[in-house]
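In our numbering, the protein residues as written are 2 to 146. For glycine and all other residues, C-beta sits at the position ideal for the given N, C-alpha and C.
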């Protein structure tokens, strides 16, 4: 039997998980968009094409594209001229409850197509950055068309 302190902690944790899931779903409703995940099969060195064992699927997720200016750092960069470059950070956030099967979680090299954006831009998952609360975070790069 749980002590009252333990029971309170369990209730608190269950409430937090439930609230986190509700917040994630609300965020997807407000900011989410339809994306198509196209799993790719990895060879020993390169991606070799669509993965026949993992079918493509559509999901609602939050796609965040942030552009900002950055500059070179390190030795040789303090010569009186500062070279700025435009940097684009692309992140995909997927609500944990939206993943229908454990093997449906996207992997590095999989393609993501933003279906609701003009021209349906295509991205490639560079790194699965892990889980942020009840959401999975993936960093991506654009795929030239």
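Excluding five sequence positions before and after residue 52, the CB atoms of its chain that fall closer than 7 Å to its own CB belong to 40, 41 and 42, given in chain order. Counting only runs of 4 or more residues that sit fully inside the region 36-122, no alpha helix (DSSP H) segment turns up. Taking each of 70, 119, 58 and 123 in turn and checking the Cα distance to residue 146, the smallest one comes out for 123. In this structure, the beta-carbon distance from residue 69 to residue 106 does not fall below 8 Å. Minimum Cα-Cα distance from residue 111 among the listed residues 96, 87, 36 and 84 corresponds to 36. A straight-line Cα-Cα distance of about 6 Å links residue 144 and residue 125. Taking the Cβ atoms as the reference, residue 91 lies roughly 13 Å from residue 114, outside the contact range of under 8 Å. A distance of 8 Å or more separates the beta carbons of residue 120 and residue 96.
A Cβ-Cβ contact shorter than 8 Å links residue 130 with residue 140. Per DSSP, the beta bridge partners of residue 129 are 139.
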